[in-house]
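Asker:
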Amino acid sequence: MKSIKVLGPGCKRCEATADMVRAEAQKLGVAIDLEKVTDYAAIAGFGIASTPGIVIDGKVVHAGGLPKPEDVAKWLAA
Amino acid sequence: MSAKTPNLSANSQAFISVAATLAAVALWFAVYWRLEDFSARVVGWLPVQPDSRMAEAARFFVYDTPKVLMLLALVVFAMGIVRSFFSPERTRALLAGRREGVGNIAAATLGVFTPFCSCSAVPLFVGFVSAGVPLGVTFSFLISAPMVNEVALGLLFALVGWKVALVYLVFGMTIAIVCGWVIGRLHLEGWLEEWVRNVRAGEAVIMPDHSTVADRIGAGLEAVRDIVGKVWLWIIIGIGVGAVIHGYVPTDLLASIMGRGAWWSVPAVVLLGVPIYSNAAGIIPVVEALLSKGAALGTTLAFMMSVIALSLPEMVILRKVMTVRLVAVFAGVVAAGILAVGYLFNALFS
Numbered sequence: 001m002k003s004i005k006v007l008g009p010g011c012k013r014c015e016a017t018a019d020m021v022r023a024e025a026q027k028l029g030v031a032i033d034l035e036k037v038t039d040y041a042a043i044a045g046f047g048i049a050s051t052p053g054i055v056i057d058g059k060v061v062h063a064g065g066l067p068k069p070e071d072v073a074k075w076l077a078a
Numbered sequence: 001m002s003a004k005t006p007n008l009s010a011n012s013q014a015f016i017s018v019a020a021t022l023a024a025v026a027l028w029f030a031v032y033w034r035l036e037d038f039s040a041r042v043v044g045w046l047p048v049q050p051d052s053r054m055a056e057a058a059r060f061f062v063y064d065t066p067k068v069l070m071l072l073a074l075v076v077f078a079m080g081i082v083r084s085f086f087s088p089e090r091t092r093a094l095l096a097g098r099r100e101g102v103g104n105i106a107a108a109t110l111g112v113f114t115p116f117c118s119c120s121a122v123p124l125f126v127g128f129v130s131a132g133v134p135l136g137v138t139f140s141f142l143i144s145a146p147m148v149n150e151v152a153l154g155l156l157f158a159l160v161g162w163k164v165a166l167v168y169l170v171f172g173m174t175i176a177i178v179c180g181w182v183i184g185r186l187h188l189e190g191w192l193e194e195w196v197r198n199v200r201a202g203e204a205v206i207m208p209d210h211s212t213v214a215d216r217i218g219a220g221l222e223a224v225r226d227i228v229g230k231v232w233l234w235i236i237i238g239i240g241v242g243a244v245i246h247g248y249v250p251t252d253l254l255a256s257i258m259g260r261g262a263w264w265s266v267p268a269v270v271l272l273g274v275p276i277y278s279n280a281a282g283i284i285p286v287v288e289a290l291l292s293k294g295a296a297l298g299t300t301l302a303f304m305m306s307v308i309a310l311s312l313p314e315m316v317i318l319r320k321v322m323t324v325r326l327v328a329v330f331a332g333v334v335a336a337g338i339l340a341v342g343y344l345f346n347a348l349f350s
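In the order they appear, the protein sequences are chains Y and X.
Per the working numbering, the very first residue in the first sequence carries number 1; after that it's consecutive.
Per the working numbering, the very first residue in the second sequence carries number 1; after that it's consecutive.
In C-alpha cells form, the structure reads like this:
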C-alpha cells in the first residue's frame, strides 16, 4: 500500500491530478491510500512553492502544474 | 533512458519535433503576411458603405482579431518554452536569503519568466516567505509576475508597437522593484497572518528537470492551448469595444478626458482600474483604441497597469496570508507607483 498525498488548495488542476493518480494506480493495480492536503501551512511544510504537488510515501515527487500520466505511472511503479 | 549510450529514438524524436515546429512557424508567417488582404476582402463583402464609420469599425475588428490571436499564440508558445526552464521552487532557491536591492531586482526579473498562476499565489507566497525570501523581495516577485507577462507584452507589441511594449516592460519591472523595496523597508513582517509567520517550511525541494527538447516544445504548445483557450473570448470582447471606440467615439471628447491636459485623469483611471477586473488580453485592444483617439500615453499606461496589477480578487487572495492593513499598504504602494509612471510619461511625451 502506497501512501499518496496530493497537495493543493482544491483548484481544478489539483482535482485533475488526484483523478490522474487514482486512474493510473488502478491501471497498474497498485493499492494506494490517497489523501488530499488542502491546508496551506501543511502544503508549505512539504517544502514546495507551487501546486499541485504529489508526495509518495513521504517523498515529494512533483510540484507545479499537471503531471504527465506516464510520469505518474513511473512514480507509482517505483 | 541511459545517459551514456546515445539514444537514437530520443534524438529522432527531438529532430522531428524541431522540424515540425519550424514548419509550423513558417506556415504562421505565410498566413500572417496575407492577413491584411484577406480582411480587406472580407470587409468588402459586408453590406456597409466603404467609407462609413461602420466600415471603419468592421475593418478594425476583422483585421485585428486574427492578427492579435496569431501574434499572441506565437508569443505564448515561445514563452512557454522559456518558462519550461524555470520553476517557482528554483526561483525561490535563487532568491532565498538574498539582500534587499539586488534581491528585489532579481525577483522582479524572475517574475517575468517563472510560471505563475493566481490559484498558486498563496502556496507560492507562503513557500517563499517561510524559506527565507525577504518579504519585500517576495512582493517584488508578486507584483511583477502578474503584471509583466507574455500576454501583456505580446499584445502591446502586436497592437501598439514595440516601443510602448518596451516602456511597459521596463516600467512594470521598475514598479515591482521599487514597491517591493519600499514594502521591505517598512518591515511589516508582523502584519502577516500569524499562521504564516509560524509555518516551518520543510526542506525546500527542487524537482530535477529531465525535460527533453520534445517536452519543452510540448510545454509551449500546452501554454498556447491553455492561455489562448482561456483568453480568446476576452480578446474578442476587447477588440469589439476597441472597434466601437475607433468607429464612434469622437477624438475631442477622449482627448479632453484622457489627454495630457487633464491632470486628474491619472488618479481617476487608477481608481477606475481596481474594480475592472480583466486580464491583459481584454484590456489591450481597448488601450490601443484609446491611444489612437488621443488619450495620453501615461494616462493609458496607468489605466492598463491598474486594471492588471490591482484587482479585487487578487486582494481577496492576499488577505488569506496577510492582515487587511498589509493588503492596504500593498495596494497603496503599487497605486502610488502606477501614478508616478502615469505622470512621468505624460510629462515626458508631450
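Glycine is no exception: its CB is placed at the ideal position from the N, C-alpha and C atoms.
Starting from HIS246(X), follow the alpha helix (DSSP H) in both directions and report where the run begins and ends.
Answerer: Taken as a continuous stretch (DSSP letters only), the alpha helix (DSSP H) holding HIS246(X) covers 229-248.
Asker: Examine the Cβ distances between the region 111-130 of chain X and the region 240-258 of chain X and report whether three or more of them are shorter than 8 Å.
Answerer: Result no; under three Cβ-Cβ pairs closer than 8 Å.
Asker: Exposed or buried, which one is LYS5(Y) when buried takes at least 16 other CB atoms within 10 Å?
Answerer: LYS5(Y) is buried by the Cβ-count criterion.
Asker: Please report the residue range of the alpha helix (DSSP H) in which SER256(X) lies.
Answerer: Note, SER256(X): alpha helix (DSSP H), 251-258.
Asker: Would you call the region 48-66 of chain Y and the region 168-186 of chain X in contact, with 3 or more CB pairs under 8 Å?
Answerer: As far as the Cβ criterion goes, the region 48-66 of chain Y does not touch the region 168-186 of chain X, which means the pair count is below three.
Asker: Can you give the Cα-Cα distance for PRO275(X) and ARG34(X), rounded to whole angstroms?
Answerer: Using only the alpha carbons, I get a separation of about 39 Å.
Asker: State the start and end residues of the unbroken beta strand (DSSP E) segment that holds SER87(X).
Answerer: Careful: SER87(X) lies outside any beta strand (DSSP E) and carries neither H nor E.
Asker: Look up ALA309(X) in the DSSP assignment and say whether it is helix, strand or coil.
Answerer: Reduced to three states, the DSSP call for ALA309(X) is helix.
Asker: From VAL18(X) to PHE345(X), what distance separates their C-alpha atoms?
Answerer: Their Cα atoms are separated by approximately 42 Å.
Asker: Under 8 Å, do MET147(X) and MET305(X) count as touching if we go by C-beta distance?
Answerer: Contact flag set, yes.
Asker: Please report the Cβ distance between VAL316(X) and LEU192(X), rounded to the nearest whole angstrom; I am assuming they are in contact, meaning their Cβ atoms lie under 8 Å.
Answerer: About 16 Å separates the two Cβ atoms, so there is no contact after all.
Asker: In the structure shown, what three-state DSSP assignment does GLU119(Y) receive?
Answerer: Nothing can be reported for residue 119(Y): it is not among the residues displayed for chain Y, which extend from 1 to 78.
Asker: Taking the straight line between their C-alpha atoms, what separation do you get for ILE237(X) and GLY294(X)?
Answerer: Computed Cα separation, rounded: 22 Å.
Asker: Can you list, in chain order, the residues of its chain with a C-beta nearer than 6 Å to that of LYS67(X)? Leave out the 5 residues immediately preceding and following it.
Answerer: Excluding positions up to five away in sequence, the list reads LEU35.
Asker: Sorry if obvious, but does the Cβ on GLY261(X) come closer than 7 Å to a heavy atom of the ligand ZN?
Answerer: In the structure on display, the ligand ZN does not appear, and there are no ligands present to speak of.
Asker: Locate the beta strand (DSSP E) running through GLU35(Y), then write down its first and last residues.
Answerer: 32-37 is the span of the beta strand (DSSP E), which, as asked, contains GLU35(Y).
Asker: Rounded to whole angstroms, what's the CA-CA distance from ILE257(X) to ASN149(X)? Just pull it up for me.
Answerer: For ILE257(X) and ASN149(X), the distance between alpha carbons rounds to 29 Å.
Asker: CA-CA distance, LEU95(X) and SER39(X)?
Answerer: In a straight line, the C-alpha of LEU95(X) is about 48 Å away from that of SER39(X).
Asker: So the candidates are ALA106(X), GLY161(X) and CYS119(X); which of them puts its Cα closest to the Cα of SER144(X)?
Answerer: Nearest option by C-alpha distance: ALA106(X).
Asker: Please give the ranges of any alpha helix (DSSP H) in the region 34-70 of chain X, keeping only runs that are unbroken, at least 4 residues long and fully inside the region.
Answerer: Segments of the alpha helix (DSSP H) lying fully in the region 34-70 of chain X: 35-45.
Asker: What's the gap between the Cα of ALA18(Y) and the Cα of GLY342(X)?
Answerer: When rounded, the distance between both Cα atoms is 46 Å.
Asker: Assuming SER265(X) is part of the alpha helix (DSSP H), what are its boundary residues?
Answerer: Segment 265-273, the alpha helix (DSSP H) holding SER265(X).
Asker: Going along the region 29-45 of chain Y in order, which residues come within less than 7 Å of chain X, judged by CB to CB distance?
Answerer: Answer set for the region 29-45 of chain Y: TYR40, ALA41, ILE43, ALA44 and GLY45.
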